[in-house]
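Below: the structure, in structure tokens.
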């Protein structure tokens, strides 16, 4: 990876981002950023991907990926509402 952003899944089940980053560092991986809030980490990754014309890869627990997908669906729903399109 060109740039590694570490975050936490929302809720009590998520391992704190700094603790997770330490585990990555212990394995010899370079952690470029630690962003504890998962949505801010997602937004930062997208900005970086757009500015460098590189893909963004999101991985983690089902809690993290599920939270990102849920937030994206909510945002897409709000965009559709603003455009006056029918939302299911």
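Numbering (my numbering), first residue to last: 182 to 269.
Cβ coordinates follow ideal geometry from the N, Cα and C atoms, glycine included.
query = For residue 214, which beta-bridge partners are listed by DSSP?
reply = The count along the chain shown starts at 1 and reaches residue 214 at position 33. Bridge partners of residue 214: 186.
- Compare the beta carbon distance of residue 213 and residue 186 with 8 angstroms and say whether it is the shorter of the two. Mapped onto the chain shown, residue 213 falls at position 32. Mapped onto the chain shown, residue 186 falls at position 5. Yes, these two residues count as a Cβ contact at 8 angstroms.
### Query
When the Cα atoms are used, what is the spatial distance from residue 270 to residue 227?
Outside the modelled stretch of the chain, which goes from 182 to 269, sits residue 270, for which no answer is possible.
Could you check the C-alpha separation between residue 216 and residue 259 for me, to the nearest Å? Numbered from its first residue, the chain shown carries residue 216 at position 35. Numbered from its first residue, the chain shown carries residue 259 at position 78. Using only the alpha carbons, I get a separation of about 25 angstroms.
- prompt: Apart from the five residues just before and just after residue 188, which ones in its own chain have a Cβ nearer than 6 angstroms to its Cβ?
  reply: One-based indexing of the chain shown puts residue 188 at position 7. Spatial neighbours of residue 188 in its own chain (CB-CB distance under 6 angstroms, excluding positions within 5 residues in sequence) are listed in chain order as 198, 216, 219, 222.
Q.
Considering just the uninterrupted stretch of the alpha helix (DSSP H) at residue 237, what are its terminal residues?
A. Looking up residue 237 in the chain shown gives position 56. Element bounds for residue 237: n/a, residue is neither H nor E.
Alpha-carbon to alpha-carbon, residue 196 and residue 202: As a first step, residue 202 must be located in the chain shown, where it is residue number 21. As a first step, residue 196 must be located in the chain shown, where it is residue number 15. So the two alpha carbons sit approximately 10 angstroms from each other.
* Could you tell me if residue 243 is buried or exposed, where buried requires 16 or more neighbouring beta carbons within 10 angstroms of its beta carbon? => Your numbering for residue 243 matches position 62 in the chain shown. Exposed, because fewer than 16 other Cβ atoms sit within 10 Å of the Cβ of residue 243.
DSSP state of residue 122, grouped into three classes?
-> What the structure shows of the chain is the stretch from 182 to 269, and residue 122 is not part of that stretch, so it cannot be assessed.
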